[in-house]
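Visitor: Per this note's numbering, the very first residue in the sequence shown carries number 21; after that it's consecutive. Think of the CB as a built atom: it goes at the ideal place given N, C-alpha and C, for glycine as much as any other residue. Shown below is the structure under consideration.
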Amino acid sequence: KWNNEFFVRIGLIPAFWLYYEAQYGYTLENYTQYMKDKQKAKSASRLAKMKERGQEYYTPERVRKMQYAQRLATY
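Next up, the structure:
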């Protein structure tokens, strides 16, 4: 909910984007897509490492907390 895309939509410009815009000419849309792709890759890597170690990511406790958070967000 409170991610870079949200702040771009409400008009707040991330400082990291200012750097990329000055260096490489990124637009805000390109920047938000870049950050989304970067986070998806990090998440996939983290899940793969946990699986490699034999750890479970979606434990019953974590699933319960996720469901509780979603119920709070809908009210």
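1. What did DSSP end up calling T47 once you bin it into helix, strand or coil?
2. Contact check, Y44 vs W37 under 8 angstroms by CB: the rounded distance?
3. Taking the alpha carbon of R28 as the point to measure from, which residue in L48, A89 and Y40 has its own alpha carbon closest?
4. My understanding is that N24 touches M70, with C-beta atoms under 8 angstroms, so please give their C-beta distance in whole angstroms.
Guide: The short version:
1. Reading the sequence shown from its first residue, position 27 is the one you call residue 47. In the structure shown, T47 sits in coil (DSSP, three-state: anything other than H, G, I, E or B).
2. The count along the sequence shown starts at 1 and reaches residue 44 at position 24. The count along the sequence shown starts at 1 and reaches residue 37 at position 17. Actually they are not in contact, since the Cβ atoms of Y44 and W37 sit about 11 angstroms apart, beyond 8 angstroms.
3. Indexing the sequence shown from 1 puts residue 28 at position 8. According to the sequence provided, residue 28 is Val. The question's Arg does not apply to it. Here the closest residue by C-alpha is L48.
4. Position 4 of the sequence shown, counting from 1, holds the residue named residue 24. Position 50 of the sequence shown, counting from 1, holds the residue named residue 70. The beta carbons of N24 and M70 sit about 25 angstroms from each other, so the pair does not count as a contact at 8 angstroms.
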